[in-house]
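Visitor:
Numbering (our numbering), first residue to last: 32 to 347.
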């Protein structure tokens, strides 16, 4: 989810970061992402899994008068999401993302103490093939306020001196669910929102203070647009697309961006994005263009994420 959100706003930033002409108020800058993008969950399952495996999970623990439980060195060893298991749902002033039937496996070291008498430490393994997440992201002033509901259906298996914890594994699974929810919320607040605020600063620096960003979902496609504040409550009907992504913009704005041809970095998420045969179409009479493409992704170990081949040669 984090990489996905950063990708969306980085595409918009690539265009708005140039010395562009003012937007045509009748044709605002808009990015549409179709359900076809979920094909990457299957074609690039290994790439996505590697990205999840690289996540550094903080220590998980809880303490009451009668027990203490702590897990550390938590590593994800498997992550799969079926293509049919992800969807967008409409939500006023935000985005509602649903994930169903994800597969997750993790290993960790754990320690416990029970009634100040029994204690021990050992290995623990958690697996699920029915991870369900509902994430409601309320949108306000270039930030998401997340509300996450999570049901992991997690199966725990404790080994060694802590095998006794198998007696209360359902209780501990519920505890871990709460911690995973907090981890998801933290990812939005600490990883996604700073990028959104940086995008806002770029808009202000370019004098685009009379514009705002809107998010909507139509026909299971995510629609993100930069529109005049005077038209902030007007949702433009979405035209179905055949590609994974389409960028619609004022012709002069988009041509100026293409002529500069600088493919900006998506700092920090270690995902390289490559556009596959991007196609540019322009309506001269209406001064508007659309740039559409399917995309490919690659996980990198460095901090040099970029868009590749996303700005085509002009057809005129």
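Quick reminder that beta carbons are idealized off the backbone N, C-alpha and C, glycines included.
Quick one: what's got a C-beta closer than 7 Å to residue 272's C-beta in the same chain, skipping five residues either side?
Guide: Non-local beta-carbon contacts of residue 272 in its own chain, meaning distances under 7 Å to residues more than five positions away in sequence, involve 63, 65 and 323 in chain order.
Visitor: Once you ignore the five residues that flank residue 241 on each side, which residues in its own chain have a CB closer than 7 Å to its CB?
Guide: 259 and 260
Visitor: Could you tell me which of 191, 196, 208 and 155 sits nearest to residue 163, measuring between CA atoms?
Guide: 208
Visitor: Since residue 180 and residue 165 should fall inside the 8 Å C-beta cutoff, what is the C-beta to C-beta distance between them, to a whole number of angstroms?
Guide: 4 Å
Visitor: Once DSSP output is grouped into helix, strand and coil, what is the label at residue 328?
Guide: strand
Visitor: Are the beta-carbon atoms belonging to residue 175 and residue 128 less than 7 Å from one another?
Guide: no
Visitor: Consult DSSP for residue 56 and reduce its assignment to one of helix, strand or coil.
Guide: The predicted position of residue 56 is uncertain, since its pLDDT is 44 and thus under 50; a value taken from the coordinates is nonetheless stated next. Residue state, collapsed to three classes: coil.
Visitor: Below 6 Å CB to CB, which residues in the same chain sit around residue 277 once its five sequence neighbours on both sides are set aside?
Guide: 63, 321 and 323
Visitor: Considering only C-alpha positions, which residue in the set 313, 123 and 303 is nearest to residue 279?
Guide: 313
Visitor: Find the nearest neighbour of residue 256 within the set 281, 232 and 79, judged by alpha-carbon distance.
Guide: 281
Visitor: Using the Cα positions of residue 140 and residue 195, report the straight-line distance between them to the nearest angstrom.
Guide: 15 Å
Visitor: Straight-line CA distance for residue 305 to residue 325?
Guide: If I take the Cα positions, the gap works out to 9 Å.
Visitor: With a threshold of 8 Å, are at least 3 pairs of Cβ atoms found where one atom belongs to the segment 105-117 and the other to the segment 236-254?
Guide: no
Visitor: Compute the Euclidean distance between the alpha carbons of residue 167 and residue 125, then round it to the nearest angstrom.
Guide: Near 7 Å, if we compare the C-alpha coordinates of residue 125 and residue 167.
Visitor: I think residue 136 touches residue 109, with their Cβ atoms under 8 Å apart; what is that distance to the nearest whole Å?
Guide: The Cβ separation is near 4 Å, so the contact holds.
Visitor: Taking just the CA atoms, how far does residue 206 sit from residue 200?
Guide: C-alpha of residue 200 to C-alpha of residue 206: approximately 10 Å in a straight line.
Visitor: Under DSSP, the beta strand (DSSP E) around residue 111 begins and ends at which residues?
Guide: Start and end: 98-111.
Visitor: Considering only the alpha carbon of each residue, which of 316, 159 and 222 lies closest to residue 87?
Guide: Out of 316, 159 and 222, 222 has the C-alpha closest to the C-alpha of residue 87.
Visitor: Write down the C-beta distance between residue 78 and residue 328 rounded to the nearest angstrom, noting that I regard them as a contact closer than 8 Å.
Guide: Between residue 78 and residue 328, the beta carbon gap of about 6 Å places them in contact (Cβ cut-off 8 Å).
Visitor: Across which residues does DSSP place residue 228 in a beta bridge pair?
Guide: Paired residues: none, contrary to the question.
Visitor: Around the C-beta of residue 85, are 16 or more other C-beta atoms found within 10 angstroms, so that it is buried, or is it exposed?
Guide: exposed
Visitor: Look at residue 227 and residue 143 and say whether their C-beta atoms are less than 7 Å apart.
Guide: Not a contact, by the Cβ cut-off of 7 Å.
Visitor: Taking the straight line between their C-alpha atoms, what separation do you get for residue 133 and residue 315?
Guide: In this structure, the alpha-carbon of residue 133 lies about 46 Å from that of residue 315.
Visitor: Which runs of the beta strand (DSSP E) fall wholly inside the segment 143-199 and span at least 3 residues, in chain order?
Guide: 149-170, 175-182 and 186-189
Visitor: Hey, quick one: how far does the beta strand (DSSP E) through residue 253 stretch, first residue to last?
Guide: 252-259
Visitor: For residue 105, collect the residues of the same chain with a Cβ closer than 7 Å to its Cβ; drop the 5 residues on either side in sequence, then sort them by chain order.
Guide: 88, 91, 137 and 139
Visitor: Going by DSSP in three states, residue 239 sits in which element: helix, strand or coil?
Guide: Looking at residue 239 - three-state DSSP - the assignment turns out to be coil, as it is neither helix nor strand.
Visitor: Between the alpha carbons of residue 103 and residue 270, how many angstroms are there, rounded?
Guide: Between residue 103 and residue 270, the C-alpha separation is close to 48 Å.
Visitor: I'd like to confirm the pairing. Which residues does DSSP put opposite residue 77 in its beta bridges?
Guide: For residue 77, which the question treats as bridged, DSSP gives no partner whatsoever.
Visitor: Can you tell me whether residue 65 is helix, strand or coil according to DSSP?
Guide: coil
Visitor: Is residue 88 helix, strand or coil by DSSP?
Guide: coil
Visitor: Where residue 185 and residue 338 are concerned, what is the direct C-alpha to C-alpha distance, given to the nearest angstrom?
Guide: 37 Å
Visitor: With respect to the beta strand (DSSP E) encompassing residue 312, which residues constitute its N-terminal and C-terminal limits?
Guide: 302-314
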